[in-house]
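Enquirer:
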Amino acid sequence: MKTALYPGTFDPITFGHLDIIKRGLKIFDKIIILLAKNSLKNTLFSLDERIFQINKVIKEENLSEKVIVDDFEGLTIDYCKKKNIYFIIRGLRPLVDFEYEFEMAMANREMGNDVETVFILTDQKYFYLRSTLIKDIINYGGEVSDKVPQIIKEELLKKLKKN
Ligand code: ADP
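For the sequence shown, the tail end lands on 308 under this note's numbering, and the numbers increase by one without skipping.
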């Protein structure tokens, strides 16, 4: 069975991420979504909130048998070594992602030569979709139904009210 790791922040998970996951499942039997416990990034949603949201979305999409969520404190490559995973999936959007993703893939290769990073392109309609953009749109009253699942939209609105 071929398992791949899909690491990221997922703050929150979007249709862009989901598209990568679904495409990834054409290549791999199982995907583990990995959230970093020690991320230096300032996130809108806590780790527990993001895990809860992703689990809910996975269930709604009927992907529970093939996709699981985990969190880890440390380097992605160390998680791979610990769990015997040999593939990392990353999504690529036009232009901006390339340099960062290239650097990260090279760094991971240096630390773990057995692990291959596999890049997947999303559907064109999600090319310019990023979590930060969604947060901005919802903040100013815009519509995000075509960008995130309904449950995520609700969570965003809840958070907005709280803040
Ligand atoms: P990170 O903080 O590691 O960039 P993200 O949650 O932002 O985590 O993204 C995780 C992965 O999913 C990255 O490889 C990112 O490039 C990819 N990704 C995010 N949104 C999209 C999208 N709309 N299309 C393709 N890939 C995407």
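For glycine and all other residues, C-beta sits at the position ideal for the given N, C-alpha and C. Source: prediction; values computed, not measured.
Could you have a look at K260 and say whether DSSP puts it in helix, strand or coil?
Expert: On the sequence shown, residue 260 is found 115 positions in, with the first residue counted as 1. Strictly speaking, residue 260 in this sequence is Val, with Lys absent from that position. In the structure shown, V260 sits in coil (DSSP, three-state: anything other than H, G, I, E or B).
Enquirer: Could you check the C-alpha separation between A181 and F190 for me, to the nearest Å?
Expert: The residue given as residue 181 occupies position 36 in the sequence shown. The residue given as residue 190 occupies position 45 in the sequence shown. Distance between the alpha carbons of A181 and F190 is about 13 Å.
Enquirer: Within 6 Å: the Cβ of G219 and any heavy atom of ligand 1?
Expert: Counted from its first residue, the sequence shown places residue 219 at position 74. Result no, Cβ not under 6 Å from ligand 1.
Enquirer: Give the straight-line distance between the Cα atoms of E218 and N183, rounded to the nearest whole angstrom.
Expert: Position 73 of the sequence shown holds residue 218. Position 38 of the sequence shown holds residue 183. C-alpha separation (whole angstroms): 6 Å.
Enquirer: Can I213 and I177 be called in contact, C-beta distance under 7 Å?
Expert: For the purposes of this step, residue 213 is taken as the residue at position 68 of the sequence shown. For the purposes of this step, residue 177 is taken as the residue at position 32 of the sequence shown. For I213 and I177, yes; Cβs fall inside 7 Å.
Enquirer: If you count every other CB in all the chains shown that lies within 10 Å of the CB of F160, and 16 or more means buried, which is it?
Expert: Residue 160 sits at position 15 when you count from the first residue of the sequence shown. Per the 10 Å Cβ criterion, buried.
Enquirer: Buried or exposed for N229, please, with buried defined as at least 16 other CB atoms from any protein chain shown within 10 angstroms of its CB.
Expert: Translated into the one-based positions of the sequence shown, residue 229 becomes position 84. Exposed, since its Cβ has fewer than 16 Cβ neighbours within 10 Å.
Enquirer: Tell me which residue opens and which closes the alpha helix (DSSP H) that D215 is part of.
Expert: Within the sequence shown, residue 215 is the residue found at index 70, counting from 1. Where D215 is concerned, there is no enclosing alpha helix (DSSP H), although the beta strand (DSSP E) it sits in stretches over V212 to F217.
Enquirer: By how many angstroms is the C-alpha of K298 removed from the C-alpha of K280?
Expert: Here residue 280 corresponds to residue number 135 of the sequence shown, with the count starting at 1. Here residue 298 corresponds to residue number 153 of the sequence shown, with the count starting at 1. Taking the straight line from one Cα to the other gives about 10 Å.
Enquirer: To test your reading of the DSSP string, which unbroken beta strand (DSSP E) runs of 3 or more residues are found completely within the region 157 to 225?
Expert: DSSP runs (the beta strand (DSSP E)) wholly in the region 157 to 225: 175 to 181 and 212 to 217.
Enquirer: Given 8 Å as the limit, is there contact between the region 251 to 263 and the region 221 to 239, that is, 3 or more CB pairs closer than that?
Expert: Judged by Cβ distances under 8 Å, the region 251 to 263 makes contact with the region 221 to 239, as three or more pairs qualify.
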